[in-house]
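Residue numbers (mature numbering (1 follows the signal peptide of the UniProt record, and there is no 0)): -24 to -1, 1 to 100. Even glycine gets a Cβ: it sits at the ideal position worked out from N, Cα and C.
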């Protein structure tokens, strides 16, 4: 009886801490490295060491779930950054081609200045 009186509040506290961490991480949408995620997972698992029985199983499962969600968020963040970079490059290339066509309508120094400006603006 005494054991359940101490385990239940400890278990509830552990779950609330883990839930808050998951909420804070998902709300911030911060992209963390695999090393940071693994370190957090180890700390979360260490919190489960003092528990026994089903409470320990649930705590460990929650730690694993938090790790898996963090890794998924990190992967999605990296993919989104790459997609944004690719889209920006495609937009710049398209704008450069349009600008080059406009410059082709010019002649002499105006054309040279126009092309030089394009190259400077778009890093070509």
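Contact check, residue 50 vs residue 97, beta carbons under 7 Å: Judged by beta-carbon spacing, residue 97 lies beyond the 7 Å limit of residue 50, meaning their Cβ atoms are not closer than that value.
Under three-state DSSP, which class holds residue 95? In this structure, residue 95 counts as helix in the three-state DSSP scheme.
Please list the terminal residues of the continuous alpha helix (DSSP H) segment that includes residue 29. Where residue 29 is concerned, the enclosing alpha helix (DSSP H) stretches over 29 to 80.
Tell me which residue opens and which closes the alpha helix (DSSP H) that residue 100 is part of. Residue 100 -> no alpha helix (DSSP H), and no H or E assigned at all.
How far does the alpha helix (DSSP H) with residue 25 in it extend, from its first residue to its last? Run containing residue 25: none; DSSP gives neither H nor E here.
Which same chain residues end up closer than 8 Å to residue 40 when comparing Cβ atoms and leaving out the 5 residues on each side of it in sequence? Here the set comprises 17.
Other residues of its chain near residue 43: CB distance less than 8 Å, five sequence neighbours each side excluded: Here residue 43 has 13, 14, 16, 17 and 20 as same chain residues with Cβ atoms under 8 Å from its own Cβ, once five neighbours each way along the sequence are excluded.
Ignore the nearest five residues each way along the sequence and tell me which others in residue 24's own chain have a CB closer than 6 Å to its CB. So the list reads 32, 35 and 36, once near-sequence residues are dropped.
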